[in-house]
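> After the structure tokens below, expect a handful of questions from me.
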Amino acid sequence: MSGTIVQNPTTATFAGSTTVTKSFASGCTNGSLLIAMASQELDAGTFTISDPTNGTYANDKTQASGAGSNPTTVTVRSIQNTATSALTITCVVGTSGYGTLSIFEETGMATSSVVDVTAGGGGAATSASINATTTTANTSIYCIGAGYPQMTPPDTSYTTQFGPTGINNAYHGGEYRQDAGATGSVTLTMNSWGSPNTWSMAFVAYKPTGGGGGHTRVGGAFVNYSGVTYFGATPSGPY
Amino acid sequence: MGVASPTWTVRGNLPSVTVAVGQTRTSAAINVPLSVQQLKVEIDGTAWPADSVVYAEVDVSDDGGVTWPDVTSITTSKANLQNNLCSVGVLFPAPNANSSRRVRGVIKVLSGSTITLVGTVSTA
Chain A
1 MSGTIVQNPT TATFAGSTTV TKSFASGCTN GSLLIAMASQ ELDAGTFTIS
51 DPTNGTYAND KTQASGAGSN PTTVTVRSIQ NTATSALTIT CVVGTSGYGT
101 LSIFEETGMA TSSVVDVTAG GGGAATSASI NATTTTANTS IYCIGAGYPQ
151 MTPPDTSYTT QFGPTGINNA YHGGEYRQDA GATGSVTLTM NSWGSPNTWS
201 MAFVAYKPTG GGGGHTRVGG AFVNYSGVTY FGATPSGPY
Chain B
240 MGVASPTWTV RGNLPSVTVA VGQTRTSAAI NVPLSVQQLK VEIDGTAWPA
290 DSVVYAEVDV SDDGGVTWPD VTSITTSKAN LQNNLCSVGV LFPAPNANSS
340 RRVRGVIKVL SGSTITLVGT VSTA
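Quick note, the sequences are listed as chains A and B, same order.
Note that our numbering has the first sequence beginning at 1, numbered continuously upward.
Note that our numbering has the second sequence beginning at 240, numbered continuously upward.
Right, dumping it as structure tokens:
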């Protein structure tokens, strides 16, 4: 069973500042998972994300584009929440510039070792996509990217969090999927260009309560632990 | 080279007033037109004293300005401005379909010296 995204306010944009905050509208749930995605238009940019109750968020995945025209850095971070108040999340970047901050609260998530897999990629290339293989069923996947000269709409089965939109020298966009279903390969794509362009992109898959391991039966499909799907067949292995 | 930035439309001006340390100034509630997908408060800090630390907030209401649950802010100073400007904004996941949606800007000077407020609220 997947987690449930219970709060997902609009995405913040900022320019000419090192400190941006975003607030949840309602009180948070003790034991929930708080996720923050941020981007900035700087190669190897640094982020510190925190809230007053839970402290500094874990750096689950940060990806820089590398040097080049229109460089960027993106990050996905999280922390297990212990607050019941409507928290304000603060993101501090190392150098003043341009960027975004998105925050989520999700319940029904693992309370330890919550990260299943991560993926990141960046550089100067004619296409931009990243891949990882989830090892837990029903993960929630959060993805952010930035690049130039354009980004494509969200990947199939994913929901747009924001963008893609031009902030200053790059486009930024974020997407998520509350329930990624069975384990298996996940490839998310930002764009494909005719000539090399600078990009950075990261995603993190978070585990639901109980780890989501084993197997699930959905609509007659039986999915085993390694992600092989048997339609209408009787499973015969140790599941 | 910059990206093809959105076409911004100025919807209102922040009050053209001085803001002393500890003071808070709030703009009028401004209608967010349908189909708008982002908005921002942009402040011109050209004339700011170097020691002023400024807090800028953009609030969004979905009930005509009765409540303002969507709060986003930045804290900055003259040294951090980009081309003497700073901005704080909001990206909606989809074009605005709520005719009761409103936006307002809130400015405070946290420390340093008095500033003269010059800024706008824009949508795209």
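The C-beta atom is built at its ideal place from N, Cα and C for all residues, glycine as well.
Which two residues bound the contiguous beta strand (DSSP E) that contains E175 of chain A?
Within the first sequence, the letter at position 175 stands for residue 175 of chain A. First-last of the beta strand (DSSP E) with E175 of chain A: Y171 to R177.
> Which stretch, first to last residue, makes up the beta strand (DSSP E) that contains E41 of chain A?
As a first step, residue 41 of chain A must be located in the first sequence, where it is residue number 41. Looking at the DSSP string, E41 of chain A is not in any beta strand (DSSP E), and its letter there is neither H nor E.
> Over what stretch of residues does the beta strand (DSSP E) that includes P9 of chain A continue unbroken?
To locate residue 9 of chain A, count along the first sequence from 1; it is residue 9. Careful: P9 of chain A lies outside any beta strand (DSSP E) and carries neither H nor E.
> May I have the straight-line CA-CA distance separating T216 of chain A from W199 of chain A, to the nearest angstrom?
In the first sequence, counting from the first residue as 1, residue 216 of chain A sits at position 216. In the first sequence, counting from the first residue as 1, residue 199 of chain A sits at position 199. Per-residue confidence for T216 of chain A stands at a pLDDT of 40, beneath the threshold of 50, marking its modelled position as unreliable; no derived number is given.
> Select from the region 5-39 of chain A all residues with a C-beta closer than 7 angstroms to any C-beta belonging to chain B, and list them in chain order.
Going along the region 5-39 of chain A in chain order, one finds P9, T10, T11, A12, T13, F14, A15, G16, S17, T18, T19, V20, T21, K22, S23 and A25 with a Cβ nearer than 7 angstroms to chain B.
> Would you mind working out which of A:T13, A:A15, A:P208 and A:I5 sits nearest S113 of chain A, comparing C-alpha positions?
In the first sequence, counting from the first residue as 1, residue 113 of chain A sits at position 113. Residue A:P208 is the option with its Cα nearest to S113 of chain A.
> According to DSSP, which residues form a beta bridge with V186 of chain A?
One-based indexing of the first sequence puts residue 186 of chain A at position 186. Note: V186 of chain A sits in a beta bridge opposite A:A132.
> Looking at the C-beta of T53 of chain A, does it have a partner C-beta in chain B at a distance below 8 angstroms?
Looking up residue 53 of chain A in the first sequence gives position 53. No, because no Cβ of chain B sits closer than 8 angstroms to the Cβ of T53 of chain A.
> G163 of chain A versus chain B: which residues are under 8 angstroms apart at the beta carbon?
Position 163 of the first sequence, counting from 1, holds the residue named residue 163 of chain A. L330, listed in chain order.
> Express the C-alpha separation of A137 of chain A and G214 of chain A in angstroms, rounding to a whole number.
Position 214 of the first sequence, counted from the first residue, corresponds to residue 214 of chain A. Position 137 of the first sequence, counted from the first residue, corresponds to residue 137 of chain A. With a pLDDT of 41 at G214 of chain A, under the threshold of 50, the modelled position of that residue is not reliable, and no figure is offered here.
> So does the region 64-81 of chain A actually touch the region 28-45 of chain A, counting three or more Cβ pairs closer than 8 angstroms?
Flag = yes, the region 64-81 of chain A and the region 28-45 of chain A touch.
> Using a Cβ-Cβ distance under 8 angstroms, would K279 of chain B count as near chain A?
By 1-based counting over the second sequence, the position of residue 279 of chain B is 40. At least one chain A Cβ lies under 8 angstroms of K279 of chain B.
> I need the DSSP call for T84 of chain A, collapsed to helix, strand or coil.
The residue you call residue 84 of chain A lines up with position 84 of the first sequence. In this structure, T84 of chain A counts as coil in the three-state DSSP scheme.
> Run down chain A in chain order and give the residues with a C-beta less than 7 angstroms from the C-beta of D309 of chain B.
Walking along the second sequence from the start, residue 309 of chain B turns up at place 70. Ordered by position in chain A, the residues that pass the 7 angstroms Cβ test against D309 of chain B are P9, T10 and A25.
> Quick check: the Cα distance between L253 of chain B and W193 of chain A, rounded to an integer number of angstroms?
Mapped onto the second sequence, residue 253 of chain B falls at position 14. Mapped onto the first sequence, residue 193 of chain A falls at position 193. When rounded, the distance between both Cα atoms is 41 angstroms.
> Span of the beta strand (DSSP E) holding S326 of chain B?
Numbered from its first residue, the second sequence carries residue 326 of chain B at position 87. L324 to L330 is the extent of the beta strand (DSSP E) around S326 of chain B.
> F162 of chain A bridges to which residues according to DSSP?
What you label residue 162 of chain A is simply residue 162 of the first sequence in a count that begins at 1. A:G174, per the DSSP bridge assignment.
> DSSP state of N319 of chain B, grouped into three classes?
As a position in the second sequence, residue 319 of chain B is number 80, starting the count at 1. DSSP places N319 of chain B in helix when its eight states are reduced to three.
> On a CA-only basis, which of A:G122, A:A15 and A:T156 is nearest Q63 of chain A? Give me that one, please.
Here residue 63 of chain A corresponds to residue number 63 of the first sequence, with the count starting at 1. Per the Cα distances, A:G122.
> Answer yes or no: does any C-beta atom of chain A fall closer than 8 angstroms to that of P245 of chain B?
Counting from one through the second sequence, the residue named residue 245 of chain B turns up at place 6. So yes, P245 of chain B belongs to the interface.
> Contact defined as beta carbons within less than 8 angstroms: I believe D298 of chain B pairs with V345 of chain B. What is the distance between those atoms, to the nearest angstrom?
For the purposes of this step, residue 298 of chain B is identified with residue 59 of the second sequence, where counting begins at 1. For the purposes of this step, residue 345 of chain B is identified with residue 106 of the second sequence, where counting begins at 1. So it is a contact: roughly 6 angstroms between Cβ atoms.
> Give me the residue from A:T159, A:S195 and A:G97 with the minimum Cα distance to N8 of chain A.
By one-based count along the first sequence, residue 8 of chain A stands at place 8. Measuring from the Cα of N8 of chain A, the nearest candidate turns out to be A:T159.
> For S185 of chain A, which option in A:I130, A:C91 and A:V74 has the closest C-alpha, if you only look at C-alpha atoms?
On the first sequence, position 185 is the one that residue 185 of chain A refers to. Among A:I130, A:C91 and A:V74, the Cα nearest to that of S185 of chain A belongs to A:I130.
> Helix, strand or coil for G284 of chain B per DSSP?
In the second sequence, residue 284 of chain B corresponds to position 45, counting from 1. Looking at G284 of chain B - three-state DSSP - the assignment turns out to be coil, as it is neither helix nor strand.
> Is V305 of chain B close to chain A? Criterion is C-beta to C-beta, closer than 8 angstroms.
Stepping through the second sequence from its first residue, residue 305 of chain B is reached at position 66. No, because no Cβ of chain A sits closer than 8 angstroms to the Cβ of V305 of chain B.
> Could you spell out the range, first to last residue, of the beta strand (DSSP E) harbouring N59 of chain A?
For the purposes of this step, residue 59 of chain A is taken as the residue at position 59 of the first sequence. Taken as a continuous stretch (DSSP letters only), the beta strand (DSSP E) holding N59 of chain A covers A58 to A64.
> Measure the alpha-carbon distance for I282 of chain B versus Q150 of chain A and round it to whole angstroms.
What you label residue 282 of chain B is simply residue 43 of the second sequence in a count that begins at 1. What you label residue 150 of chain A is simply residue 150 of the first sequence in a count that begins at 1. Whole-angstrom Cα-Cα distance: 27 angstroms.
> Can you tell me whether DSSP reads G303 of chain B as helix, strand or coil?
Taking the second sequence and counting its residues from 1, one reaches residue 303 of chain B at position 64. DSSP places G303 of chain B in coil when its eight states are reduced to three.
> To the nearest angstrom, how far is it from the Cα of V258 of chain B to the Cα of S291 of chain B?
Translated into positions along the second sequence, residue 258 of chain B becomes position 19. Translated into positions along the second sequence, residue 291 of chain B becomes position 52. Their Cα atoms are separated by approximately 11 angstroms.
> Out of B:Q276, B:S255, B:Q262 and B:V260, point me to the one whose CA is closest to V342 of chain B's CA.
The count along the second sequence starts at 1 and reaches residue 342 of chain B at position 103. Nearest C-alpha to V342 of chain B: B:Q276.
> Do the CB positions of F203 of chain A and T118 of chain A come within less than 8 angstroms of each other?
Along the first sequence, read from residue 1 onward, the residue named residue 203 of chain A stands at position 203. Along the first sequence, read from residue 1 onward, the residue named residue 118 of chain A stands at position 118. In this structure, T118 of chain A lies closer than 8 angstroms to F203 of chain A by Cβ.
> Checking contacts by CB at 8 angstroms: is S96 of chain A closer than that to chain B?
Position 96 of the first sequence, counting from 1, holds the residue named residue 96 of chain A. Yes, S96 of chain A counts as interfacial toward chain B.
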